[in-house]
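*Asks:*
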Amino acid sequence: MKFIFVALMSFLCFNLTSVKANLAYITNEKDNTVSVIDIGKKKVIKTVKVGQRPRGIIMSKDGKLVLICASDDDRVEVRDAKTLKLKYHLPSGPDPELFILSPDDDVLYIANEDDAMVTVVDMNDKMIIDDIPVGVEPEGMGLTNNGKTLVNTSETTNMAHFINTDTLEITENVLVDARPRVAMFTPDDSEVWVSAEIGGTVKVINPSTKEVTHTIGFEIPGVNEESIQPVGVRHTSDGKYTFVALGPANRIAVIDQKTKEIVKYLLVGQRVWQLAFTPDQKTLLSTNGVSNDVSIINVDKLKVEKSVKVGRFPWGVVISPN
Amino acid sequence: MRAKFFLIIFFCLAFSLSLNTDSRELSIQQLEERKKADRERKEAREKRGKKVFQKEITITTEIVFISKEREVPPVLSNLDPILEDEGFYGVKLAIEDNLTTGRFLGHDYKIEFHRILKQENLENEFKKLMEKGRKFFVVDLNEAELLTLMKIPGIENVIIFNTRAKNDSLRNEDCRKNIFHISPSHSILADALTQYLIKKKWKKWFLVTGPKKTDKLYADALKKSAKKFNVKIKEEKTWDFTSDLRRTAGKEVPIFTKGSSYDVLVVADEAGEFGEYLAYRTWDPRPIVGTQGLRPSSWHRTHEQWGATQMQNRFRRESGRWMTEVDYHSWTAVRAIGETITRIKSDDVKKVQNYLLSSKFGLGAYKGVKVSFRSWNGQLRQPILLAAPRSMVSVSPQEGYIHPFSELDTMGKDQPESTCKF
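Chains as they are written, first to last, in the numbering used here: chain A, 1289 to 1610; chain B, 22 to 443.
Next up, the structure:
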């Protein structure tokens, strides 16, 4: 009897943990859908129709809301994370591509690719507070932990713009390599890493001096230099590794966050762009646009465990915090 | 009753399909909405009175765009409007891009548009601009006109960007260190096409050449390409009918194309005088490639990869029409100037020229890889699109064409074959 009870309990526990497994939300740029992956089961459990040309996707810190840039609809969709039902739209300015929430989820900063602007939206009033003219085709958005410094990259101007979030004005512009896509602060805010897709490099900038301290290049035997196109950047919070998605090189570079040396290249699907960690940072997901799948990577073993088929041209990915 | 029901179903289907296909390109309505939103945002911003980041201006660069008034050719296709503003909007967008970047660095850019009228003399007008101290020229001119410019004394002290002429001679025996060719040469286009046809194993060609001089030059490039890649030209004919084919093509083309066995009909007809009338009328059922059908080009309205959608949208929003190759070349030329000045922080002609020709120069130009200039002849190195009128088919260089420096150099005359001496 006791045995059955234990068995039942463990079964229940097992079930509960699997219910609590994190979900990953993937925007499929050409399908106008979002695929939901159960990371525990490594399976797509739901596909939902969303606005036109969905690209950037993020979640509120409490995990209740999913925000999606519907680029061709010129607005941001806010959906319920559980049901994925549309709750409301946020104004975004034309062609929103990537965005970031302030630490307390009060303010949303949106890069308007078609419009050379960063739009600032009040999440409570659901109104545009301001817009900041930046370089041509803004995309990457990085924010310090205290939310005081925003870094935006502009793809055609080839700059990282440092913006003071109190005054909403640009304080400094740093030239980087061609077509910068993503800006990401290290966990301690001591560095900001900027990937340059066409330049084929990652520049490490010191946010206090605004000086480029390192330029990281990539060399992969058997892969021509032109197809090495860095996009997505993710740092582990223990300061050990940084993962950089290399686009049509079909690989993710694992970089030692301290020494900037390349540790390993992980072979994933075709044209890998954006990356996301699970909250425990044991698992990393990548969107592979051309092979229409998502790679699931074991961070401890630095090994690709599985690829999961999603919609057409998966672009962005976000993982629920709880 | 039943018929009516099916008709309704059909319309519903057609409607939903049209909705689906529209999702990639912005509709005119969407473009208008964005324009309106732009205006409103601008007004709101002005009302808030916030200052825009602007560094003190240290360099002001003046760029001149030159085009020429031409005889309008007789309209053979009723579909495409004849454009008199090619290049204009390309330059305009690029100047805006340069200014946006320049604002953060203290670099200013000015542009002058010069259209040389029929009664005006190109050489004299150009001299006047040089006397005014202009140094950077983006020109929409043909081979003969470019050769005229080369004779002007002191021309080596300015930089010229060629946005139209495809002649290989300009990149070889007539090359100049200060003339940069954004437009791909005939031999680049021919090799881009041949690489794809080889991939398809369509190695037996029927080559039809039009009556114009440039048609012959393109055909020569195609023949050289065929030789280079070991393709057989089974039949070669010149099209010299002068009649308007709109009513008689059905009779003429089958007889013209009857003969030896071939895989693909290759056409060199740049003016589009007869090429469009070949499709579906050949004696044997064969695809058409070259200047019609599947066409190699530097830019096409179906191009949407690598951020090209943004460019297409921005261009259409500005001009209300599709971007042409000359528009794209003009954009690239002005951006190349901007990118160089951004990096070297100088607009000294010799410094700019050396940087453009160096391996340090690289520009993102919506082609997936950076574009750069061949140091031995000033030709822009870029992927070539292979597109049918309404679909992108492939992008060359094709996979497997390997080169020690850049795979883009598998197209056109490579350094060892080049007769250009700077």
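Even glycine gets a Cβ: it sits at the ideal position worked out from N, Cα and C.
Would you call the stretch 109-119 of chain B in contact with the stretch 1430-1439 of chain A, where contact means no fewer than 3 C-beta pairs closer than 8 Å?
*Replies:* Here the stretch 109-119 of chain B makes no contact with the stretch 1430-1439 of chain A; the two share fewer than three CB pairs at distances below 8 Å.
*Asks:* Tell whether a beta-carbon distance below 8 Å holds between residue 1478(A) and residue 1470(A).
*Replies:* For the purposes of this step, residue 1478(A) is identified with residue 190 of the first sequence, where counting begins at 1. For the purposes of this step, residue 1470(A) is identified with residue 182 of the first sequence, where counting begins at 1. No, Cβ-Cβ distance for residue 1478(A) and residue 1470(A) is not below 8 Å.
*Asks:* Of all the alpha helix (DSSP H) runs that stay within the bounds of the stretch 194-276 of chain B, which reach a length of 4 or more residues?
*Replies:* With a minimum length of 4 residues, the continuous alpha helix (DSSP H) runs that stay inside the stretch 194-276 of chain B are 207-220 and 234-249.
*Asks:* Helix, strand or coil, according to DSSP, for residue 1595(A) in the structure here?
*Replies:* Taking the first sequence and counting its residues from 1, the one referred to as residue 1595(A) is at position 307. Here residue 1595(A) sits in strand by DSSP.
*Asks:* Answer yes or no: does any C-beta atom of chain B fall closer than 8 Å to that of residue 1518(A)?
*Replies:* As a first step, residue 1518(A) must be located in the first sequence, where it is residue number 230. With a threshold of 8 Å between beta carbons, residue 1518(A) makes no contact with chain B.
*Asks:* Going by DSSP in three states, residue 1607(A) sits in which element: helix, strand or coil?
*Replies:* Here the question's residue 1607(A) lines up with position 319 in the first sequence. Here residue 1607(A) sits in strand by DSSP.
*Asks:* Do residue 228(B) and residue 243(B) count as a contact pair if the criterion is CB distance below 8 Å?
*Replies:* By one-based count along the second sequence, residue 243(B) stands at place 222. By one-based count along the second sequence, residue 228(B) stands at place 207. Yes, the Cβ-Cβ distance between residue 243(B) and residue 228(B) is below 8 Å.
*Asks:* Would you list the one or two residues that DSSP bridges to residue 81(B)?
*Replies:* Taking the first residue of the second sequence as 1, we reach residue 81(B) at position 60. BP columns for residue 81(B) point to 129(B).
*Asks:* Exposed or buried, residue 1608(A), counting other C-beta atoms within 10 Å across all chains shown (16 or more means buried)?
*Replies:* Within the first sequence, numbered from 1, the residue matching residue 1608(A) stands at position 320. Buried: at least 16 other Cβ atoms inside 10 Å.
*Asks:* Which first and last residues belong to the alpha helix (DSSP H) in which residue 330(B) is found?
*Replies:* Start at 1 with the first residue of the second sequence, and residue 330(B) comes out as number 309. Where residue 330(B) is concerned, the enclosing alpha helix (DSSP H) stretches over 329-340.
*Asks:* Within this structure, are the beta carbons of residue 199(B) and residue 51(B) separated by less than 8 Å?
*Replies:* Taking the first residue of the second sequence as 1, we reach residue 199(B) at position 178. Taking the first residue of the second sequence as 1, we reach residue 51(B) at position 30. It is not a contact, given that the beta carbons lie outside the stated cut-off.
*Asks:* Could you give the distance in angstroms between the alpha-carbon of residue 1390(A) and the alpha-carbon of residue 288(B)?
*Replies:* Here residue 1390(A) is taken as the residue at index 102 of the first sequence, counted from 1. Here residue 288(B) is taken as the residue at index 267 of the second sequence, counted from 1. Roughly 59 Å separates the two Cα atoms.
*Asks:* How would you call residue 1455(A), buried or exposed, if buried means at least 16 neighbouring beta carbons within 10 angstroms?
*Replies:* Here residue 1455(A) refers to the residue found at position 167 when the first sequence is read from its first residue. Exposed, by the Cβ-count rule.
*Asks:* Residue 1420(A) and residue 1406(A): beta carbons closer than 8 Å?
*Replies:* Translated into positions along the first sequence, residue 1420(A) becomes position 132. Translated into positions along the first sequence, residue 1406(A) becomes position 118. Going by beta carbons, residue 1420(A) and residue 1406(A) fall inside the 8 Å limit.
*Asks:* To the nearest angstrom, how far is the alpha carbon of residue 1494(A) from that of residue 1547(A)?
*Replies:* Counted from its first residue, the first sequence places residue 1494(A) at position 206. Counted from its first residue, the first sequence places residue 1547(A) at position 259. So the two alpha carbons sit approximately 15 Å from each other.
*Asks:* Output the boundary residues of the beta strand (DSSP E) element that contains residue 1552(A).
*Replies:* If you number the first sequence from 1, residue 1552(A) lands on position 264. Here the beta strand (DSSP E) through residue 1552(A) covers 1550-1555.
*Asks:* With 8 Å as the threshold, decide whether the Cβ of residue 42(B) is near any Cβ in chain A.
*Replies:* Here residue 42(B) is taken as the residue at index 21 of the second sequence, counted from 1. With a pLDDT of only 38 at residue 42(B), under 50, the local geometry of the prediction cannot be trusted, and the value read off the model is given with reservation. No - not a single Cβ of chain A is within 8 Å of the one on residue 42(B).
*Asks:* Quick one: Cα of residue 339(B) to Cα of residue 60(B), how far?
*Replies:* Here the question's residue 339(B) lines up with position 318 in the second sequence. Here the question's residue 60(B) lines up with position 39 in the second sequence. Between residue 339(B) and residue 60(B), the alpha-carbon positions lie close to 13 Å from each other.
*Asks:* Can you check whether the CB of residue 421(B) is closer than 8 Å to the CB of residue 404(B)?
*Replies:* As a working note, residue 404(B) is residue 383 in the second sequence. As a working note, residue 421(B) is residue 400 in the second sequence. No; because the gap between Cβ atoms is not below 8 Å, this pair is not in contact.
*Asks:* Across which residues does DSSP place residue 1327(A) in a beta bridge pair?
*Replies:* The residue given as residue 1327(A) occupies position 39 in the first sequence. Paired residue(s): none; residue 1327(A) is not in a bridge.
*Asks:* Nearest to residue 270(B) by alpha carbon, out of 301(B), 254(B), 393(B) and 178(B)?
*Replies:* In the second sequence, residue 270(B) corresponds to position 249, counting from 1. The shortest C-alpha separation from residue 270(B) is found at 301(B).
*Asks:* From this set, 1349(A), 1517(A), 1351(A) and 1340(A), which residue's C-alpha is nearest residue 1631(A)'s C-alpha?
*Replies:* In the structure displayed, chain A extends from 1289 to 1610; residue 1631(A) sits before or after that span and is not available.
*Asks:* Smallest Cα separation from residue 1452(A): which of 1328(A), 1568(A) and 1397(A)?
*Replies:* Translated into the one-based positions of the first sequence, residue 1452(A) becomes position 164. Looking at the Cα atoms, 1397(A) is the closest of the given residues.
*Asks:* Alpha carbon to alpha carbon, how far is residue 1562(A) from residue 1382(A)? Give it in angstroms, no decimals.
*Replies:* Translated into the one-based positions of the first sequence, residue 1382(A) becomes position 94. Translated into the one-based positions of the first sequence, residue 1562(A) becomes position 274. Residue 1382(A) and residue 1562(A): Cα-Cα distance of roughly 22 Å.
*Asks:* Would you mind telling me which residues of chain A sit closer than 7 Å to residue 73(B), beta carbon to beta carbon, in chain order?
*Replies:* By one-based count along the second sequence, residue 73(B) stands at place 52. Near residue 73(B) (Cβ distances below 7 Å), the residues of chain A are 1421.
*Asks:* List the endpoints of the continuous beta strand (DSSP E) containing residue 1494(A).
*Replies:* Mapped onto the first sequence, residue 1494(A) falls at position 206. Residues 1489-1494.
*Asks:* Is residue 437(B) helix, strand or coil by DSSP?
*Replies:* For this step, residue 437(B) is matched to residue 416 along the second sequence. Three-state result, residue 437(B): helix.
*Asks:* Answer with buried or exposed for residue 142(B), where buried requires no fewer than 16 other C-beta atoms within 10 angstroms of its C-beta.
*Replies:* Mapped onto the second sequence, residue 142(B) falls at position 121. Burial call: exposed.
*Asks:* Taking the C-alpha atoms as reference points, what is the distance between residue 1395(A) and residue 328(B)?
*Replies:* Along the first sequence, read from residue 1 onward, the residue named residue 1395(A) stands at position 107. Along the second sequence, read from residue 1 onward, the residue named residue 328(B) stands at position 307. Cα to Cα, residue 1395(A) sits roughly 28 Å from residue 328(B).
*Asks:* Could one say the Cβ of residue 111(B) lies closer than 8 Å to chain A's Cβ atoms, at least one of them?
*Replies:* What you label residue 111(B) is simply residue 90 of the second sequence in a count that begins at 1. Not closer than 8 Å to any Cβ of chain A, the Cβ of residue 111(B) fails to qualify, so no.
*Asks:* Using a C-beta to C-beta distance shorter than 8 Å, which residues of chain A count as neighbours of residue 125(B)?
*Replies:* Working through the second sequence from its first residue, we reach residue 125(B) at position 104. Simply 1423, 1445, 1447, 1449, 1458 and 1461.
*Asks:* Take the Cβ of residue 165(B) as the centre, count every other Cβ of all protein chains shown within 10 Å, and call the residue buried at 16 or more, exposed below.
*Replies:* Residue mapping note: residue 165(B) aligns to position 144 of the second sequence, counting from 1. Answer is exposed; the Cβ neighbour count stays below 16.
*Asks:* Would you mind reading off the limits of the alpha helix (DSSP H) that contains residue 51(B)?
*Replies:* Here residue 51(B) refers to the residue found at position 30 of the second sequence. In the DSSP annotation of this structure, the continuous segment of the alpha helix (DSSP H) that includes residue 51(B) starts and ends at 49-69.
*Asks:* Count Cβ pairs between the stretch 127-147 of chain B and the stretch 311-319 of chain B that sit closer than 8 Å; are there 3 or more?
*Replies:* no
*Asks:* Pick from 1369(A), 1358(A), 1450(A) and 1337(A): whose alpha carbon is nearest that of residue 1350(A)?
*Replies:* Counting from one through the first sequence, the residue named residue 1350(A) turns up at place 62. Residue 1350(A) has its Cα closest to that of 1369(A), out of 1369(A), 1358(A), 1450(A) and 1337(A).
*Asks:* To be precise: take each residue of the stretch 1372-1390 of chain A, compare its Cβ to all Cβ atoms of chain B, and keep it if any distance is under 7 Å. Which residues remain?
*Replies:* Within the stretch 1372-1390 of chain A, the residues whose Cβ lies closer than 7 Å to some Cβ of chain B are 1381 and 1382, listed in chain order.
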